[in-house]
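Chains as they are written, first to last, in our numbering: chain A, 25 to 182; chain B, 4 to 843.
Each remark here refers to the structure printed beneath this line.
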């Protein structure tokens, strides 16, 4: 198998791996980028939510062969760089509200929240409770109430 | 209470002030008690704490066996008494850079115990919380029962020992500084990591750590800050790992860089606790891309004493290749442990179970369907003075629930050269270490168990399954492994809250307007307490206020079950079916009260209604605990109890006492069609809890921000328990194979409005929080739903007996393959079906 080039968090990386391995495992097991978490492997829990070319997706369900060298993958580790700061405003809001409990799902929650806010802003609106109701990201600790408040707060600074 | 009934009337309850005088008291005006600790010989300052005869929960006069033991001696007492003998083995260290380290023998899985410990230390030492680092201890067998994380007992058990250790450390630093500054120690104070003299000069802890160190270990006496001097305790503190968590830098077990520990996953049998008969294509699977090893392993969860089962493990370069290889295996499977059992057959066996053994004078065998006999007289009695007595007789059914956390069962193991090193977020690392030694045939001293921070626990990590799996594979292949359960394993081979029924018989006198008797009998599939409470209960048996002949489960039941209301003569009973490990069972963020209390509270609502009383005032009039009364009043006043609501929207309210705390939950449920029938693809819609008000009194709240988080989480769990969070047992295994099948609370179910009121301190000690809200929230939501639809649900979750709302994933091959359309399917997954309304 020929070496494959990916663009992850603004860096070009090269990896030897079969085409059908899902991107989540390439990130975690081979590149040691551990922010995206495994929660189900079938795109229902959303713990691995990351961005591709600025939009949210779930790398557990994308064979690495479908990723082009020009695609820009952003994981939670690369999110602050997208705003040129140490922390993204959504992360700041998360800290301010002390959202996490165990924290395992939170990288995915934040990446989903940023995507949602980008989407509603692009459509000229602002994020509503109904929008937040449709976020699928699962949290077994039950941090949903704080996430709801943090998304609204983070959106104000995005 | 006049009357003729078979149950012995409950002894009169003592007023709360007397009952709790040993544990709580007014927050101010306390005399200072002296505590003994150890100054430990070490290069820099290290101190330990020892609890003396000045015990905070010294044995009270315990009653003979009687209902509601939990009011006098409860699970928290058991857990605290079990940690007491080893509390002096907990040490606080002042480092040469002036920071303070504490290695806590507890699991941190999101509950916030490391943050709490840092606050306690910072408070006593007069330093910033951020200058305290709290790490998790490896398994330390010398700690005996003082290294387990369960029963919401962590704060209760570390509160005094950690403060004593910190106070001793501060005292030694001040003594060392006094010598250098040429001042009297009592003139010095500490702030921001420095010792200050009255003259304004100061020395940083960093320069004192070595000078304050002890050459020999010796006992020392210290005093602790009084409650009214607290500056940190009682103020909200963000989690110590919040920045790491939101930046992806927080390291969970699978994020640790252990060289050559390659991903490993397991092919499990199609029915619960099945066994491998043969693997028919080993060579082929060993040759698949990325695969390094394929081996058969035992998966016995209780080495040496339980049922046997086995499986096939695959080690590969990536977990993706593990999944593919697991699914490519052609395995001939033997029978499982419960083949042929389904929800219906279990329900039949629960109903047929014998009467509990731990109640006085069991009544005559019930003539109705051979069910459990209840003690109190059936309908139609007439009591002297109160006239006709009427009866409510109701059975409630609670189906299986999963305690799976977001981070699955995980462990890294390196078993080579007569040694084992294991990383796993265990709630019971000493038990894990013992079991590993047993299955690896190694001395316990050759087994190291590290405890990384966990991604949720909820009782699942009270069992060592993943560590045993990983160690067995590593030993067989002679290489390190990074083992993770697939999500399908979490549903089908993981721990479950046992299916159970609760029967309630309440009698009341409409003439007198009083409840005459209240009896509740709980019958459950056996809960496996062997790894959590088993040895602890045995060791404390002499202290427990009931006879030794009770089963472990009955003991746990009596330590936890409560009826917070005066409901006349009260009788409680617990019985179970099957061996302890027929099913892999355990707690689900709570033990019995998540079923026991909802059944009880639904009947309390019925009683209030039949006696023509407001449901909240009915409860408030009958709680004897002032703290319970106060939390009820708080939710009444701040939650808008009794306000006008549209038809189809209703409130439910309950109060619950456990873990030395008291919590009231007021929930408002909207069942109107516009809400219940909303469409989100693949979602559980249906009735929506739209507002929740919680008031919580834990005695002395340490970190209100974290305490609120625990209450919020408990509410989310309670919502799932009422509507859709369950596993369906069919022919020897559970149908659910992932999240979405198992419908835990999601954003679309979470209440848009949730308010948690932390009551001012009502005592000088903290209670537990992690599980406190679960039973109360489940009950309050159930009561609200019953009121909103005008019909009391009797089977939980209410959606369980509706059609199975998902396509059942294959059992062979065992793992659902990862989809390939992740670039197109967002936010809904490609397989998302229509929304499911559990109430329709």
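Ideal Cβ positions, reconstructed from N, Cα and C, are used throughout, including at glycine.
Every value quoted in this text rests on a predicted model; they were computed, and no experiment measured them.
Contact list for residue i against chain A, beta-carbon separation under 7 Å
i, result
"residue 802 of chain B", "The contacting residues do not exist; residue 802 of chain B stays about 18 Å from chain A at best."
"residue 3 of chain B", "The structure shown does not extend to residue 3 of chain B, since chain B spans only 4 to 843, so no value can be given for it."
"residue 255 of chain B", "128"
Beta-carbon proximity list for residue i, same chain, < 8 Å, skipping 5 on both sides
i, result
"residue 115 of chain B", "242, 706, 709, 712 and 713"
"residue 577 of chain B", "359, 361, 524, 525, 526, 527, 556, 557, 560, 561, 564 and 595"
"residue 261 of chain B", "415, 417, 426, 483 and 485"
"residue 682 of chain B", "688, 837 and 838"
Minimum C-alpha distance to residue i - residue among the options
i, options, result
"residue 779 of chain B", "B:624, B:640, B:698 and B:451", "B:698"
"residue 239 of chain B", "B:311, B:215 and B:121", "B:121"
"residue 583 of chain B", "B:530, B:621 and B:590", "B:530"
"residue 843 of chain B", "B:504, B:802, B:767 and B:460", "B:802"
"residue 155 of chain A", "A:166, A:163, A:162 and A:143", "A:143"
"residue 851 of chain B", "B:355, B:326, B:97 and B:729", "Since the first and last residues shown for chain B are 4 and 843, residue 851 of chain B lies out of range."
"residue 742 of chain B", "B:728, B:734 and B:232", "B:728"
"residue 601 of chain B", "B:352, B:635, B:722 and B:249", "B:722"
"residue 185 of chain B", "B:194, B:192, B:176 and B:200", "B:200"
"residue 246 of chain B", "A:110, A:43 and A:57", "A:110"
"residue 40 of chain A", "A:50, A:32 and A:114", "A:50"
"residue 812 of chain B", "B:490, B:580 and B:331", "B:490"
Test: residue i CB closer than 9 Å to a CB of chain B
i, result
"residue 97 of chain A", "no"
"residue 144 of chain A", "no"
"residue 42 of chain A", "yes"
"residue 160 of chain A", "yes"
"residue 176 of chain A", "no"
"residue 82 of chain A", "yes"
"residue 123 of chain A", "yes"
"residue 181 of chain A", "no"
"residue 45 of chain A", "yes"
"residue 105 of chain A", "no"
"residue 26 of chain A", "no"
"residue 48 of chain A", "yes"
Chain A within 9 Å of residue i, Cβ atoms only
i, result
"residue 666 of chain B", "no"
"residue 122 of chain B", "no"
"residue 411 of chain B", "yes"
"residue 840 of chain B", "no"
"residue 674 of chain B", "no"
"residue 686 of chain B", "yes"
"residue 326 of chain B", "yes"
"residue 365 of chain B", "The pLDDT assigned to residue 365 of chain B is 34, lower than 50, so where the model puts this residue is not dependable, and the model offers no usable value."
Cβ neighbours of residue i in the same chain (closer than 6 Å, five flanking residues each side left out)
i, result
"residue 93 of chain A", "29"
"residue 611 of chain B", "618 and 621"
"residue 106 of chain B", "138 and 140"
"residue 165 of chain A", "125 and 126"
"residue 63 of chain A", "69 and 71"
"residue 401 of chain B", "503, 598 and 799"
Under 9 Å by beta carbon: chain B residues contacting residue i
i, result
"residue 101 of chain A", "250, 251 and 252"
"residue 108 of chain A", "Residues of chain B passing the Cβ test: none, with the nearest at roughly 16 Å."
Cross-chain neighbours of residue i in chain A, by beta carbon under 9 Å
i, result
"residue 408 of chain B", "126, 128, 164 and 165"
Interface partners of residue i on chain B, CB under 8 Å
i, result
"residue 54 of chain A", "320 and 321"
Listed by chain order, chain A residues near residue i by CB distance under 8 Å
i, result
"residue 826 of chain B", "76, 81, 86 and 90"
"residue 720 of chain B", "166"
Anticipated Cβ contact below 8 Å, residue i with residue j, distance rounded
i, j, result
"residue 268 of chain B", "residue 329 of chain B", "5 Å"
"residue 349 of chain B", "residue 732 of chain B", "7 Å"
Contacting residues, own chain, Cβ-Cβ under 7 Å from residue i (five flanking each side not counted)
i, result
"residue 478 of chain B", "418 and 443"
"residue 430 of chain B", "110, 151, 152, 153, 460, 464 and 465"
"residue 831 of chain B", "684 and 685"
"residue 784 of chain B", "655, 670, 672, 692, 721, 722 and 725"
"residue 521 of chain B", "509, 566, 570, 571 and 573"
"residue 370 of chain B", "Confidence at residue 370 of chain B is low in this model, with a pLDDT of 34, below 50, so the placement of that residue is unreliable and no value is reported for it."
"residue 73 of chain A", "80, 82, 132, 135, 136 and 161"
"residue 148 of chain A", "none"
"residue 313 of chain B", "278, 279, 299, 300, 301 and 302"
Chain-ordered neighbours of residue i on chain B, where CB pairs are closer than 7 Å
i, result
"residue 33 of chain A", "In chain order: nothing, as chain B lies at least about 10 Å away."
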